[in-house]
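Accompanying notes for the structure given below.
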Amino acid sequence: MTDASYTGRHWLSNLWLLDDKFMTYSYVASDTTVKKIIDDIEAKNTETYKTNNRPDLSIFFNKINGSRDLIMIELKGSHADKNEKDKSISELPNNINIIRRNISDVCKVWGYIITTIDDDFTATIENQDFDRLFASGEENKLYHRYYDKLKAHIFVLDFNTLISDASARNKTFLDILKSEV
Numbered sequence: 017m018t019d020a021s022y023t024g025r026h027w028l029s030n031l032w033l034l035d036d037k038f039m040t041y042s043y044v045a046s047d048t049t050v051k052k053i054i055d056d057i058e059a060k061n062t063e064t065y066k067t068n069n070r071p072d073l074s075i076f077f078n079k080i081n082g083s084r085d086l087i088m089i090e091l092k093g094s095h096a097d098k099n100e101k102d103k104s105i106s107e108l109p110n111n112i113n114i115i116r117r118n119i120s121d122v123c124k125v126w127g128y129i130i131t132t133i134d135d136d137f138t139a140t141i142e143n144q145d146f147d148r149l150f151a152s153g154e155e156n157k158l159y160h161r162y163y164d165k166l167k168a169h170i171f172v173l174d175f176n177t178l179i180s181d182a183s184a185r186n187k188t189f190l191d192i193l194k195s196e197v
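Residue numbers (this note's numbering): 17 to 197.
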């Protein structure tokens, strides 16, 4: 594990909030440049273009066949203005593209933008051809877009949706634990 800041370590212990399958990783970097991530992975046949962009969280999972899966997360706090949120819509795919161009064994990619989704940001998301997905509760917002060129699934979700969906997904398990106590 490299360069995990407090925020990154905090998120690592809470990756189950996104999905249980993200709990077993082989490499993680928090607020680390894409250039350093590529160097740490020791990518072969790297291109000369490596950016100093810093994804909030980058997580790699080794697979049995020698390939790796990637999760890249951009966190935009509730205080982030519209321009900062809008920037994440292009920044995340650009960072994924650079990883794909420099690390040839990346297989599946999931990207997440996690923030507060207000009406202004909803318009930006929908103008970028994201589809709204089901999330428990009408106030909860979750969007998805598959980037064919990048072979990447990118999700935009509201903080409240993250918590609500994690609670609903784990309710049965938590109820069993509570009943045994």
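Ideal Cβ positions, reconstructed from N, Cα and C, are used throughout, including at glycine. Note that this is a predicted model, so its numbers are computed, not measured.
- In the DSSP secondary-structure assignment, residue 77 is bridged to 85.
- Between the alpha carbons of residue 100 and residue 196 lies a gap of roughly 46 angstroms.
- For residue 47, there is no enclosing alpha helix (DSSP H), as DSSP marks it with neither H nor E.
- Around the C-beta of residue 192, fewer than 16 other C-beta atoms lie within 10 Å, and the residue is accordingly described as exposed.
- Non-local beta-carbon contacts of residue 74 in its own chain, meaning distances under 6 angstroms to residues more than five positions away in sequence, involve 45, 53, 88 in chain order.
- Residue burial annotation: residue 179 is exposed, with fewer than 16 other C-beta atoms found within 10 angstroms of its C-beta.
- It is roughly 20 angstroms from the alpha-carbon of residue 41 to the alpha-carbon of residue 129.
- Residue 90 counts as buried, since at least 16 other C-beta atoms from the protein chains shown sit within 10 angstroms of its C-beta.
- Between the beta-carbon of residue 125 and that of residue 86 there is about 5 angstroms, and that keeps the pair under the 8 angstroms contact cut.
- For residue 172, the closest alpha carbon among the candidates 187, 67, 142, 83 is that of 142.
- Rounded to the nearest angstrom, the gap between the Cα atoms of residue 70 and residue 118 is 16 angstroms.
- Taking residue 76 as the centre and dropping the five residues before and after it, the same chain places the C-beta of 42, 43, 84, 86 closer than 6 angstroms to its C-beta, in chain order.
- Residue 56 and residue 194 have their C-alpha atoms roughly 42 angstroms apart.
- Scanning its chain for C-beta atoms nearer than 6 angstroms, with the 5 sequence neighbours on each side dropped, one finds around residue 98 the residues 136, in chain order.
- For residue 116, same chain residues with a beta-carbon under 7 angstroms away, outside a window of 5 residues either side, are 122, 166 in chain order.
- Residue 170 holds the alpha-carbon nearest to the alpha-carbon of residue 147 among 131, 134, 170.
- Rounded to the nearest whole angstrom, the CA to CA distance from residue 79 to residue 120 is 14 angstroms.
- Just so you know, the alpha carbons of residue 111 and residue 182 end up roughly 27 angstroms apart.
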